[in-house]
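When you read off a place in the sequence shown, starting at 1, and then add 11, the result is the number in my numbering.
C-beta atoms are modelled at their ideal positions from N, C-alpha and C, and glycine is treated no differently.
Here is the structure we will look at, set down as structure tokens.
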Amino acid sequence: MQLHREFADVQVQIDQTRLEQILVNLIGNALDAMQAQPLPQLWLEGEPHDGKYRLRVRDNGHGIDAEARKHLFEPFFTTKPGEQGLGLGLTLSASLAAATGGHLGVEHPASGGTTFVLSLPLVSPTPAEPI
Ligand SMILES: Nc1ncnc2c1ncn2[C@@H]1O[C@H](COP(=O)(O)OP(=O)(O)OP(=O)(O)O)[C@@H](O)[C@H]1O
Ligand SMILES: [Mg+2]
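The following block contains the structure:
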């Protein structure tokens, strides 16, 4: 697999456990979607945007069809067979993002694959105390 990474160095308002749960699910989903892809590629890109930190997790997997797009964030929606998916990952990830003042969205690039976009509040530098 080819991994593309590009991050701006900033501080975001989310605790490590929550961020980890979100990323484990988004990256896990991306890897699942690329299983049949002969040249799998994953892009992890983070940059400040509109006063938030915008982290994009993009894959060149099989993408998401029109019907599934409507249900992605619903609890227990899964297209994975048997025990492989509970359909809770995106529901949980979206609520963890919202709980910290952020947002989880999705884009469907015309070139194929899927991009999840996680927006998190930036930690604004504390102004110095006046003496
Ligand atoms: N990157 C992706 N590419 C293609 N389809 C995706 C991607 N991410 C999610 N999906 C689709 O959305 C569905 C729901 O994802 P979600 O993470 O909520 O559940 P899951 O991965 O099926 O199960 P769980 O995360 O609970 O183990 C997946 O079953 C899959 O159909
Ligand atoms: Mg999942």
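For V35, the number of other beta carbons within 10 angstroms of its own is below 16, and it is reported as exposed. At least one heavy atom of ligand 2 falls within 7 Å of the beta-carbon of G39. Assigned with DSSP and collapsed to three states, L107 falls in helix. The criterion of a C-beta distance shorter than 8 Å is not satisfied by D70 and A110. Its Cα nearest to that of L66, the residue L55 stands out among G72, D76, L55 and I75. Annotated as proximal: L115 and A108, with beta-carbon spacing under 8 Å. Checking the 7 Å criterion, the Cβ of G74 is out of range of every heavy atom belonging to ligand 2. Under the DSSP assignment, E85 falls outside any alpha helix (DSSP H); it carries neither an H nor an E label.
Per DSSP, reduced to three states, the secondary structure at G123 is coil, with no helix or strand assignment.
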